Amino acid sequence: MRIPCPCCGPRDRREFTYSGAAVFLDRPAEDAGLDAWDAYLHLRDNPAGETRDLWYHDPCQTWVQVTRNTVTHAIVSARAVASRAAPTVAGTGAQS
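In structure tokens:
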């Protein structure tokens, strides 16, 4: 599979690290109630169709939000994630 990196163009999937659904970008406020945090951490949709995923491109250190179709595996779009909402790189605490 080739993923279009907004900085480098189409790249092999092995250059990326999958980080889960893009719903993680919509983190609740720190003072949000337990129900909001429970939904954020544990409840996931399993769509047949378009979904948004987060991928980290190791060579250029860019977080990429990929919209793909789960039925056809076609990649619909890819965009760089804004640094304000970017998740941290596992184990480093650094943001992209």
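Numbering (this note's numbering), first residue to last: -14 to 81.
C-beta: ideal position from N, C-alpha, C; glycine also.
If you're wondering where the values come from, they're calculated on a predicted model, not measured in any experiment.
- Taking a cut-off of 8 Å for Cβ pairs, the stretch 54 to 62 and the stretch 15 to 25 do not touch, as fewer than three such pairs fall below it.
- Counting along the chain, H58 sits inside no beta strand (DSSP E), nor does DSSP assign it H or E at all.
- Nearest Cα to T2 within the set G(-6), I(-12), A59, C(-8): I(-12).
- Annotation: the continuous alpha helix (DSSP H) that includes A24 extends over 19 to 27.
- The three-state secondary structure of R(-13), taken from DSSP, is strand.
- Across the set E15, H42, D20, A7, the C-alpha of A7 shows the shortest separation from the C-alpha of E35.
- Per the C-alpha coordinates, the member of D20, A59, C(-8) positioned closest to D38 is A59.
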